[in-house]
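Remarks on the structure that follows.
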DNA sequence: CTGCTGTATTGAAAACTGTCTATTGTTGGA
DNA sequence: TCCAACAATAGACAGTTTTCAATACAGCAG
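Residue numbers (the working numbering), protein chains in the order written: chain A, 1 to 113; chain B, 114 to 226.
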């Protein structure tokens, strides 16, 4: 059990520098409207979503979408798999759940949990 | 009741462009290690935290900390109040809660809620 | 009023980001 | 084998972000 998985929640204690850097990298990936929409499109699908379905949903070039998907992948928010010609993306709920947990706890005064 | 307060959860439906922009701005504010640590320091305090307590916790100049606090404030994540010489920051749990809700729902396949 | 302390703003430099075009890599079919 | 379609990478450029030093603003104590 790593330290990161333990003491979640903004209100428990000030984040250590290392944890803050790790979490900030994930939040940063969410900090772009295009990426957030991509993620929501992926998350709102039961299973996976084909890139070929994501790209035409934006008025952006194919490489730009590919770039944003890479950022989401590197942040651990999604996974991708190639099947034949197409590449499919799926959500990694562990990651979004962890971020949600960090934020959800932050409203509680310490000790209420 | 505004539309934003309603349909939260990444998995319910693809985010509208407008909502995505609004949420992304908040996540973006969290997407910096310094700001995340500042927020956690503020959130982990029962009430408010004096800037004079935050600034010396970092090896950064006073204007830099002031700038980051401004970003957090403009994102709606914290509030500030001046009392005498000092300025105090406090968390706005509505905001962190809303972001947590967006992320928390994203793991569930649509219809499970 | 004057000076001191704490906080915010301004302006500038370096680093990073989002986007594009052009190209490359991958896969399946003719 | 060659071609067409889908996706990723490379390189370039404009715009943004992070940081600092310098300065301004606000409140309190003499």
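Heads up, the beta-carbon is just placed ideally off N, CA and C, and yes, glycines get one too.
Which listed residue (the options) has its alpha carbon closest to that of residue i
i: residue 63 of chain B; options: B:186, B:164 and B:169; result: Residue 63 of chain B lies beyond the residue range present for chain B, which begins at 114 and ends at 226; the question has no answer from this structure.
i: residue 132 of chain B; options: A:32, A:21 and A:10; result: A:32
i: residue 56 of chain A; options: A:80, A:79 and A:34; result: A:34
i: residue 193 of chain B; options: B:140, B:162 and B:130; result: B:162
i: residue 25 of chain A; options: A:64, A:74 and A:62; result: A:74
i: residue 128 of chain A; options: A:63, A:46, A:47 and A:41; result: This structure cannot settle anything about residue 128 of chain A, because the visible part of chain A is limited to 1 through 113.
i: residue 115 of chain A; options: A:63, A:65 and A:78; result: The question about residue 115 of chain A has no answer, for chain A in this structure spans 1 to 113.
Residue j beta carbon less than 8 angstroms from that of residue i
i: residue 76 of chain A; j: residue 92 of chain A; result: yes
i: residue 29 of chain A; j: residue 87 of chain A; result: no
i: residue 126 of chain B; j: residue 44 of chain A; result: yes
i: residue 15 of chain A; j: residue 149 of chain B; result: yes
i: residue 136 of chain B; j: residue 96 of chain A; result: no
i: residue 58 of chain A; j: residue 140 of chain B; result: no
Any C-beta of chain B under 8 angstroms from that of residue i
i: residue 96 of chain A; result: yes
i: residue 44 of chain A; result: yes
i: residue 56 of chain A; result: no
i: residue 11 of chain A; result: yes
i: residue 103 of chain A; result: yes
Cβ of residue i within 8 angstroms of any chain A Cβ
i: residue 161 of chain B; result: no
i: residue 213 of chain B; result: yes
i: residue 128 of chain B; result: yes
Integer-rounded CB distance, given that residue j should sit under 8 angstroms from residue i
i: residue 180 of chain B; j: residue 151 of chain B; result: Actually they are not in contact, since the Cβ atoms of residue 180 of chain B and residue 151 of chain B sit about 11 angstroms apart, beyond 8 angstroms.
What ranges does the alpha helix (DSSP H) occupy inside the region 54-104 of chain A, keeping only unbroken runs of at least 4 residues that lie completely in it? 62-74 and 93-104
Query raised in the report: Can you give, in chain order, each stretch of the alpha helix (DSSP H) that sits fully within the region 16-57 of chain A and has at least 4 residues?
Result: 17-30, 33-43 and 51-54
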